[in-house]
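The structure appears below as structure tokens.
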């Protein structure tokens, strides 16, 4: 099992305090936490977080596994969320998805060997007027074509994470 | 009041009543699975759907409140079609090896399938959860995920009532799974083995860890097999064999155990009395010498593990006394072995308990010496009832037997250990007389009886005011313990029982609800009233063992045999 660094644990505890003070913004706090821990809440991380928040592990696990934006398994630095709802689908989302998977040499749900990308499907992200769309972490990209998405992936590889 | 029509019958019920209860008032039982009378409504299994005139879709009876003038049909063609479909969806995920299932014959799903004439093929792809292996890791509870129907009754009792939070839920929709987080085994979790999830499970997903086979084999082994029966067993065993809740069957249990081949049948009421002598003395010593107060009872092994896990800093408050089972186990392998001129190796000691956590307690390293175990096997009431049925014993027709010597007598004080408040009351009866030297006129400390979650009282012990509290169910215990930890608990003596209602509500009993529990509780106090001796210190068997063997309460030998120590288990939460 991986060991969280002292620094990461401190950061998690600081974020936990934000929630504990008000008993509000649980989702927001957990999304922030997840960025510090390879986009996942594994056993160790959830143990630290539930202890710091004073919420039993059983309830945290219930919450984490309910929402698809969280994971209990290690994921890439960038999560590509491909909308699979009808409007994107009829505008060619399938071709875009195929293009992403072929270009990164993974199947949906998988993480690239370099640990940079995880490809996931998700429900409607509310950008139907400019379908097909994807989210990469917190950014959205619309009116995609197979070529355009490859360019975006190159940008992430070279510019954002050289 | 609201008047509505159900299946053509007019029924008038209170505003806010659910259709399920209204139907029941009209003499109609609507099938249910996720519904539990002691829990909040979940409405996730949908088997209770009914047709309501004017509503577009079928309504779950368990969560739909009545309205004036409602026309409800509980068994129309539409309802039957829907229920048939729901049953198929459940069976698409439920392993149907009913013959090998512990709940065969007592399963709620099986009963519904039988009523609904389930003789058709399931039209959906059958996908059974899990890898086909049962989780046998806990000595108390066995979990078989292939049977789980996601009703959430276990989750509710584990998280909301007991606040142990060993069981979680994962994912949603089609992939929902109820069980420990991260797919852990029960032994890796904070599970304390109380078995309340077993009590809540409508199917065979959570069952008592079964030790029948080992006991059967030992009955033929040539060893002397001795058995002790806990106070609650005599008020729940008859119920487990189909009689009414609260039927007292002490004499018949003894005869049944002899017929099964047990060589000696002892009464745990005896060691409950011993517990009172030890615990009462310990309490008085703590009062006199400034020991850790409040002192908290230690009879309930589920509670002990809960304290070790969640309140390790409060361990000094726990009485060092073993539970009555633990004390008796030690006494049997030492005092009794000498009395019967046997090598402890040649004695196989069984206990029959209302409790699943006692199975864990018996396996604790502290419960044994010189390489042998104090208690070799623990059977729950459920398991003993099955053994009696298997042996073809007509329980209703049995003659009344009596317990074996040298532990033939138990007092009423020992008997009430079975109910919440009982240990406290038993202790007060003895402590009062020891401190004041006066005879108690009214033995009934009714203020500590009943089902209130936390009961408080204060008593005058020869000029010294003693403040006591009684909590049952670990959610209530948590409230009391938070106060103890914060140093805000104004008590001297606290009784805590892990299970709601005390031992009569234990996980190893026949399936419970509050209505049955109140009948069981009445029986406990009826037994106490009827016994000639009602104070532990007046039990002649107890007086004899101190005279012949233990010398006096809290003596060195008592500490060696009857007292124990605890471990900090909080790592598991971190």
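Residue numbers (this note's numbering), protein chains in the order written: chain E, 1 to 162; chain V, 163 to 736.
Backbone N, C-alpha and C define an ideal beta-carbon position, used for all residues, glycine too.
Residue environment, residue i, which counts as buried when at least 16 other CB atoms sit within 10 Å
i	result
residue 261 (chain V)	exposed
residue 554 (chain V)	exposed
residue 270 (chain V)	buried
residue 716 (chain V)	buried
residue 578 (chain V)	buried
residue 90 (chain E)	exposed
residue 239 (chain V)	exposed
residue 659 (chain V)	buried
residue 473 (chain V)	buried
residue 217 (chain V)	exposed
residue 14 (chain E)	exposed
residue 676 (chain V)	exposed
residue 603 (chain V)	exposed
residue 361 (chain V)	buried
residue 489 (chain V)	buried
residue 82 (chain E)	buried
residue 171 (chain V)	exposed
residue 237 (chain V)	exposed
residue 564 (chain V)	exposed
residue 390 (chain V)	buried
residue 456 (chain V)	buried
residue 594 (chain V)	buried
Under 9 Å from the C-beta of residue i: neighbouring residues of chain V
i	result
residue 66 (chain E)	331, 332, 333, 334
Cutoff 8 Å: residue i Cβ touching any chain E Cβ
i	result
residue 206 (chain V)	no
residue 638 (chain V)	no
residue 314 (chain V)	no
residue 675 (chain V)	no
Any non-hydrogen atom of the ligand SAM within 7 Å of residue i CB
i	result
residue 500 (chain V)	With respect to small molecules bound, the structure shown includes none, and the ligand SAM cannot be examined in it.
Listed by chain order, chain E residues near residue i by CB distance under 7 Å
i	result
residue 328 (chain V)	58
Run of the alpha helix (DSSP H) containing residue i, from where it starts to where it stops
i	result
residue 543 (chain V)	543-552
residue 341 (chain V)	Residue 341 (chain V) -> not in any alpha helix (DSSP H); beta strand (DSSP E) instead, spanning 339-341.
residue 657 (chain V)	Segment 655-659 is the beta strand (DSSP E) holding residue 657 (chain V); no alpha helix (DSSP H) there.
residue 678 (chain V)	676-692
residue 723 (chain V)	718-724
residue 8 (chain E)	6-22
residue 619 (chain V)	No alpha helix (DSSP H) holds residue 619 (chain V); the beta strand (DSSP E) holding it covers 616-623.
residue 90 (chain E)	86-90
residue 263 (chain V)	Residue 263 (chain V) -> no alpha helix (DSSP H), and no H or E assigned at all.
residue 235 (chain V)	It is not in any alpha helix (DSSP H) - residue 235 (chain V) instead sits in the beta strand (DSSP E) that spans 233-235.
residue 171 (chain V)	Unbroken run through residue 171 (chain V) is the beta strand (DSSP E), 171-175; no alpha helix (DSSP H).
residue 379 (chain V)	374-381
Span of the beta strand (DSSP E) around residue i
i	result
residue 450 (chain V)	From DSSP, residue 450 (chain V) is part of no beta strand (DSSP E) but of the alpha helix (DSSP H) over 430-451.
residue 83 (chain E)	78-83
residue 361 (chain V)	Premise fails: residue 361 (chain V) lies in the alpha helix (DSSP H), 358-362, not in any beta strand (DSSP E).
residue 141 (chain E)	139-141
residue 631 (chain V)	626-634
residue 390 (chain V)	386-391
residue 211 (chain V)	211-214
Cross-chain neighbours of residue i in chain E, by beta carbon under 8 Å
i	result
residue 321 (chain V)	56, 58, 59
Handout entry: Members of the stretch 32-62 of chain E that neighbour chain V once the beta carbon cut-off is set at 7 Å
Key = 43, 47, 51, 56, 57, 58, 59, 61, 62
Problem - Members of the stretch 71-83 of chain E that neighbour chain V once the beta carbon cut-off is set at 8 Å - result: 72
Problem - Contact set between the stretch 337-354 of chain V and chain E, restricted to residues whose Cβ is under 7 Å from the partner - result: 343, 344
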